[in-house]
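Participant:
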Amino acid sequence: MIPLKNIAGKRSMFLRKVANACKQIDDYRVFNNEVVQDLVEYKWRIFAQRQFFTDALVYGIYVMLFAVSSSLFKEYAVAQEGTALRAFGIIIFSANALLLMYFFLHEMLQIRATILDLGGYTLKHVLKSLQRHLEDPWNIIDLLSQVSMLISLMYQAIILIIDHRAVASHFDHVAIASAATVPLLALNSLYFLQGHPRGGTLVRMIVKITQGTTLFSVILLVIMLGFATSLTLLFSHVDVRAELNTDYDQYTDFGRAMLTVFGFMLSQFDFATMEAALSPELAYLLTVLYLYLVAVVLLNLLIAIMSDKFDEISENARAEATYARACLVLEYEALLTEDVKNANEARWFPKWIQVLKRGSRLGSSDKGTFKRRLGRSWRGKVRSKRFAAASTFPLHLKCIASAAPQISAIKDASFRQLDGLGKQTKSQIGQLKGDMQELKTAIKVRLVTGDSLFRYDRSI
Numbered sequence: 001m002i003p004l005k006n007i008a009g010k011r012s013m014f015l016r017k018v019a020n021a022c023k024q025i026d027d028y029r030v031f032n033n034e035v036v037q038d039l040v041e042y043k044w045r046i047f048a049q050r051q052f053f054t055d056a057l058v059y060g061i062y063v064m065l066f067a068v069s070s071s072l073f074k075e076y077a078v079a080q081e082g083t084a085l086r087a088f089g090i091i092i093f094s095a096n097a098l099l100l101m102y103f104f105l106h107e108m109l110q111i112r113a114t115i116l117d118l119g120g121y122t123l124k125h126v127l128k129s130l131q132r133h134l135e136d137p138w139n140i141i142d143l144l145s146q147v148s149m150l151i152s153l154m155y156q157a158i159i160l161i162i163d164h165r166a167v168a169s170h171f172d173h174v175a176i177a178s179a180a181t182v183p184l185l186a187l188n189s190l191y192f193l194q195g196h197p198r199g200g201t202l203v204r205m206i207v208k209i210t211q212g213t214t215l216f217s218v219i220l221l222v223i224m225l226g227f228a229t230s231l232t233l234l235f236s237h238v239d240v241r242a243e244l245n246t247d248y249d250q251y252t253d254f255g256r257a258m259l260t261v262f263g264f265m266l267s268q269f270d271f272a273t274m275e276a277a278l279s280p281e282l283a284y285l286l287t288v289l290y291l292y293l294v295a296v297v298l299l300n301l302l303i304a305i306m307s308d309k310f311d312e313i314s315e316n317a318r319a320e321a322t323y324a325r326a327c328l329v330l331e332y333e334a335l336l337t338e339d340v341k342n343a344n345e346a347r348w349f350p351k352w353i354q355v356l357k358r359g360s361r362l363g364s365s366d367k368g369t370f371k372r373r374l375g376r377s378w379r380g381k382v383r384s385k386r387f388a389a390a391s392t393f394p395l396h397l398k399c400i401a402s403a404a405p406q407i408s409a410i411k412d413a414s415f416r417q418l419d420g421l422g423k424q425t426k427s428q429i430g431q432l433k434g435d436m437q438e439l440k441t442a443i444k445v446r447l448v449t450g451d452s453l454f455r456y457d458r459s460i
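Note that UniProt numbering gives residue 301 to position 301 of the sequence shown, counting from 1, and the numbers run on in steps of one.
See below:
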């Protein structure tokens, strides 16, 4: 039993405050605590898990339908009224619109829950709730994908309602909006991997590596801007119309120069094109300097940053996965209405939580199986050393056991030697006491007879 009353209660803010505090200090090790893990696991299993996987299934259908609709839109948009292809396309379009409304409502309910959590519908609370809502990168991706899909569906609706020949240019707008939407939907699908322990760890790793390389990306962008500008100026004498599709028209405007210097990082460069620059020597120098700064210094720094974040997440893999699941629990708990909470209070929000465990704390009674499983994957520097120490510990115990007789013999010899030294010391102390007693007796005799204790030569 978890010795905290109402830790999972309807009004309890324990888990939310723990998650917020961890996010503030960017330290999630508290989620290694058994109480916190059991609380998250209880809430996840009792009400959040079913709703989460339902949403994951609906989202998969949502993405698949939009991809099919975008691919086949031109065919069913120009099809005759009453044909099966036209009817199929309209059904897919309607399903996309309904699912967009469903996920948009989900976002609005999240914002509403944040507003109520802050204290009410005042302008200050609304703005603060929007700010807090957009601090989560998943909400930003949600917003961008929904806006992009809304634009695409609006153009599709215009073409379906009006004669497609009158708005033929809108087909291009549909294709552009759909091309921008599909990658956002695919990226947002990673959100639903957080329900799986290993998937949650990987997703947290991606998010933290992305956040950790933000400043690095700014530095890289500044360097790219500087060198792209220099190369554009060195090739400013090239006639774009006359020299189009040559080897060095890639430097004739700033946009192409930016793409070119980005390609330098991927080893896509040709030194021969520098001969056409106004100053080939300066062009060579700038290219070599850029390659050294970016390909040698910055890219190796990027690898080091990523490795550090990888180690950080791997060493606290369970805590990171539990935090990711806790965020899901808090999100779905905030969407519950008061009526639903009251109807399920006894089962979903008990006063006490009792946890039954079987085997080890790590979910398996076979500790050897767990160690073998742990040894198959990289777990960070600290954990790898711990695992190596745990693997060699039995061997060390055997070595100690085999050396036990020798250790015992050395111990007995040492005790005998110490005993002999003790006896010798005692006899020397007894002899010293006898000498002291004789000296004391001699001093008393001299004092009684009046003899001088010290004799000296008076003639000196």
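For every residue, glycine included, the Cβ atom is placed at its ideal position computed from N, Cα and C.
Contact defined as beta carbons within less than 8 Å: I believe residue 134 pairs with residue 141. What is the distance between those atoms, to the nearest angstrom?
Facilitator: The residue you call residue 134 lines up with position 134 of the sequence shown. The residue you call residue 141 lines up with position 141 of the sequence shown. That pair is no contact at about 11 Å.
Participant: Would the segment 6-16 and the segment 293-311 be scored as touching if the rule is three or more Cβ pairs under 8 Å?
Facilitator: no
Participant: Rounding to the nearest angstrom, what Cα-Cα distance links residue 91 and residue 324 in this structure?
Facilitator: Stepping through the sequence shown from its first residue, residue 91 is reached at position 91. Stepping through the sequence shown from its first residue, residue 324 is reached at position 324. Looking at the two C-alpha atoms, the distance is approximately 36 Å.
Participant: For the candidate residues 277, 266, 267, whose alpha-carbon lies nearest to that of residue 251?
Facilitator: Numbered from its first residue, the sequence shown carries residue 251 at position 251. It is 277 whose Cα lies nearest to the Cα of residue 251.
Participant: Flag residue 54 as yes when its Cβ comes closer than 7 Å to any non-hydrogen atom of the ligand NAD, and as no otherwise.
Facilitator: Among the components of this structure there are no ligands whatsoever, and the ligand NAD is therefore not found.
Participant: Quick check on residue 204: buried or exposed, where buried means 16 or more other Cβ atoms within 10 Å of its Cβ?
Facilitator: Position 204 of the sequence shown, counted from the start, is the residue given in the question as residue 204. Classification of residue 204: buried, given that the 10 Å Cβ count is 16 or more.
Participant: Taking DSSP as the reference, what is the three-state secondary structure of residue 138?
Facilitator: In the sequence shown, the residue the question calls residue 138 occupies position 138. Helix.
Participant: How do the segment 26-46 and the segment 309-320 stand: do at least 3 beta-carbon pairs fall below 8 Å, yes or no?
Facilitator: They touch, by the three-pair rule.
Participant: Using 8 Å as the cut-off, can you tell me whether the segment 336-353 makes contact with the segment 40-51, which would need three or more C-beta pairs spanning the two stretches below that distance?
Facilitator: yes
Participant: Helix, strand or coil: which one does DSSP assign to residue 352?
Facilitator: By one-based count along the sequence shown, residue 352 stands at place 352. Annotated three-state conformation of residue 352 is coil, per DSSP.
Participant: Taking Cβ to Cβ, would you say residue 261 is nearer than 8 Å to residue 283?
Facilitator: On the sequence shown, position 261 is the one that residue 261 refers to. On the sequence shown, position 283 is the one that residue 283 refers to. The answer is no: Cβ separation not under 8 Å.
Participant: For the segment 148-162 and the segment 188-199, state whether three or more C-beta atom pairs, one from each stretch, are separated by less than 8 Å.
Facilitator: no
Participant: Considering only the beta carbon of each residue, do residue 73 and residue 174 sit closer than 8 Å?
Facilitator: Residue 73 sits at position 73 when you count from the first residue of the sequence shown. Residue 174 sits at position 174 when you count from the first residue of the sequence shown. Cβ distance < 8 Å, so residue 73 and residue 174 count as in contact.
Participant: Along the chain, which unbroken stretches of the beta strand (DSSP E) at least 3 residues long are found entirely within the segment 98-124?
Facilitator: none
Participant: Are the segment 70-90 and the segment 45-52 in contact at 8 Å, needing three or more beta carbon pairs?
Facilitator: In this structure the segment 70-90 does not touch the segment 45-52; the number of beta carbon pairs closer than 8 Å is below three.
Participant: Roughly how many angstroms lie between the CA atoms of residue 186 and residue 66, to the nearest whole one?
Facilitator: The residue you call residue 186 lines up with position 186 of the sequence shown. The residue you call residue 66 lines up with position 66 of the sequence shown. Between the C-alpha atoms of residue 186 and residue 66 there is a straight-line separation of about 11 Å.
Participant: Between 102, 77, 337, which has its C-alpha nearest residue 56's C-alpha?
Facilitator: As a first step, residue 56 must be located in the sequence shown, where it is residue number 56. Checking every option, the nearest Cα to that of residue 56 belongs to 102.
Participant: Considering only residues of the segment 181-206, which uninterrupted alpha helix (DSSP H) runs meet the minimum length of 4 residues and lie entirely inside it, listed in chain order?
Facilitator: none
Participant: Going by the beta-carbon positions, is the gap between residue 99 and residue 68 smaller than 8 Å?
Facilitator: Locating residue 99 in the sequence shown gives position 99, counting from the first residue. Locating residue 68 in the sequence shown gives position 68, counting from the first residue. Taking 8 Å as the Cβ cut-off, residue 99 and residue 68 do not qualify as a contacting pair.
Participant: For residue 28, which of helix, strand or coil comes out of DSSP?
Facilitator: The sequence position of residue 28 within the sequence shown is 28, counting from 1. Correct three-state label for residue 28: coil.
Participant: Considering only residues of the same chain and omitting the five flanking positions on each side of residue 170, which have a CB-CB separation below 7 Å?
Facilitator: If you number the sequence shown from 1, residue 170 lands on position 170. Closer than 7 Å at Cβ, skipping near neighbours: 155, 158, 159.
Participant: Nearest by alpha-carbon distance to residue 177: which of 207, 144, 200 is it?
Facilitator: Counting from 1 along the sequence shown, the entry for residue 177 is found at position 177. The candidate whose alpha carbon is nearest that of residue 177 is 144.
Participant: So residue 251 is in the alpha helix (DSSP H); what residue range does that whole segment cover?
Facilitator: Here residue 251 refers to the residue found at position 251 of the sequence shown. Note, residue 251: premise wrong, no alpha helix (DSSP H); not H, not E.
Participant: Of the residues 231, 289, 296, which one's Cα is nearest the Cα of residue 274?
Facilitator: As a first step, residue 274 must be located in the sequence shown, where it is residue number 274. Residue 274 has its Cα closest to that of 231, out of 231, 289, 296.
Participant: Quick one, are the C-beta atoms of residue 214 and residue 313 less than 8 Å apart?
Facilitator: By 1-based counting over the sequence shown, the position of residue 214 is 214. By 1-based counting over the sequence shown, the position of residue 313 is 313. Their beta carbons are not under 8 Å apart, which means residue 214 does not touch residue 313 by this criterion.
Participant: Give the secondary structure of residue 84 by DSSP, where H, G and I count as helix, E and B as strand, and everything else as coil.
Facilitator: Reading the sequence shown from its first residue, position 84 is the one you call residue 84. Residue 84 falls in the helix class under three-state DSSP.
Participant: Count the other CB atoms within 10 Å of the CB of residue 245; is the residue buried (16 or more) or exposed (fewer)?
Facilitator: Locating residue 245 in the sequence shown gives position 245, where the first residue counts as 1. Note on residue 245: pLDDT 47, under 50, position unreliable in the model; the coordinate value appears next. It is exposed - the Cβ of residue 245 has fewer than 16 other Cβ atoms within 10 Å.
Participant: Determine the direct distance from the alpha carbon of residue 429 to that of residue 443, and round the result to whole angstroms.
Facilitator: Here residue 443 refers to the residue found at position 443 when the sequence shown is read from its first residue. Here residue 429 refers to the residue found at position 429 when the sequence shown is read from its first residue. Roughly 21 Å between the two C-alpha positions.
Participant: Distance, Cα to Cα, residue 410 vs residue 426?
Facilitator: Taking the first residue of the sequence shown as position 1, residue 410 is located at position 410. Taking the first residue of the sequence shown as position 1, residue 426 is located at position 426. Approximately 24 Å between the Cα atoms of the pair.
Participant: When you compare the CB positions of residue 70 and residue 182, do they come within less than 8 Å of one another, or not?
Facilitator: Taking the sequence shown and counting its residues from 1, one reaches residue 70 at position 70. Taking the sequence shown and counting its residues from 1, one reaches residue 182 at position 182. Cβ distance < 8 Å, so residue 70 and residue 182 count as in contact.
Participant: Measuring CA to CA, which of 295, 281, 279 is closest to residue 268?
Facilitator: Indexing the sequence shown from 1 puts residue 268 at position 268. Nearest of 295, 281, 279 to residue 268, Cα basis: 295.
Participant: Between 208, 331, 9, which lies nearest to residue 111 when the distance is taken from Cα to Cα?
Facilitator: The residue given as residue 111 occupies position 111 in the sequence shown. Nearest option by C-alpha distance: 331.
Participant: So what does DSSP say about residue 9, is it helix, strand or coil?
Facilitator: As a working note, residue 9 is residue 9 in the sequence shown. If DSSP states are grouped into helix, strand and coil, residue 9 belongs with coil.
Participant: Considering only C-alpha positions, which residue in the set 219, 212, 256 is nearest to residue 233?
Facilitator: Within the sequence shown, the letter at position 233 stands for residue 233. If we check each option's Cα against that of residue 233, 256 comes out closest.
Participant: Between which two residues does the alpha helix (DSSP H) carrying residue 33 extend?
Facilitator: Numbered from 1 along the sequence shown, position 33 holds the residue referred to as residue 33. Unbroken run through residue 33: none, as it is neither H nor E.
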